[in-house]
Amino acid sequence: MGTKAPYHWSSETTNGRQSPALDPLGGGSRISGTHRCDDEYWCHLYTPESKKTSMQWKHTSSPPPGKSKANRFFFNCRGPLLIDFLPQGSTINSTQYCSTLTKLREAIRSKRPSLLTQQVILLHNNVRSHVSHETYTTSQKFRWEVLEHPPYSPDLSPCDFHIFGPLKRALQGTRFHSDDEVKEAVQDFIKNQPRSFYSNGIDLLPKRWDLCYKAHGDFF
């Protein structure tokens, strides 16, 4: 749908994008019940409503848009599980991510305790902090299964293709004056979505795997 492939696209990348459709986990009710999705989203103090707006001249005293704290978000088919904002000045690394996974486990214990007796399936992208030995050890300790996610594939991540677009549109045009205001707006959006919003995102994933496979690993 108009998405450009990265510069270093290769046949291995194409084949990797088809692999989730061949995974025995793909598409079953097991995914809908136990699947958790995670991704990061950078929240800005101001997101212009259009490119034209972002190019408008502003007074020299106008504050720069700037980035707020990174938002790491986990959800399953029943709704949000954890919203974790990266502390100011921190770096997204393996240690920080493992700390977030520990928070996620406590959130599941608090909000969905019955899920801990099931096989937790975690989908996150393959950035370095997610595929490190430290992260692997943590997920093994929790007895969580990590679902394969091919590189360069936001179209196969429910956070990217289903959650972050509406979130970005909800924040566009609003000028926030502090990180706390941004955090409150993000939390309000996430908490105010109906349960069906999250279950639809999970349900779309196997269908997108299938579309990707039929497109021979290309964007569809």
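All you need for the numbering used here is the position in the sequence shown, starting with 1, plus 254.
Ideal placement from N, C-alpha and C gives every residue a C-beta, glycine not left out.
*Could you spell out where the beta strand (DSSP E) holding residue 472 opens and where it closes?*
Per DSSP, residue 472 belongs to no beta strand (DSSP E) and is neither H nor E.
*Could one say the Cβ of residue 401 lies closer than 8 Å to chain E's Cβ atoms, at least one of them?*
Going by chain labels, chain E is absent from the structure shown, which holds only one protein chain.
_Inter-residue Cα distance where the pair is residue 208 and residue 419_ = Since the first residue shown for the chain is 255 and the last is 474, residue 208 is missing from the structure and cannot be characterised.
*Identify which residue in 394, 379 and 387 has its Cα closest to the Cα of residue 359.*
394
*When DSSP labels each residue in this structure, what does residue 456 get in the three-state scheme?*
helix
*Report the three-state DSSP secondary structure of residue 396 (helix, strand or coil).*
coil
*Whole angstroms is fine: what's the gap from residue 272's alpha carbon to residue 468's?*
Going from the Cα of residue 272 to the Cα of residue 468 covers about 9 Å.
*Starting from residue 421 and walking both ways along the alpha helix (DSSP H), at which residues does that stretch end?*
418-425
*asked:* Please return the same chain residues whose Cβ sits closer than 6 Å to the Cβ of residue 416, not counting the five positions on each side in sequence.
replied: 455
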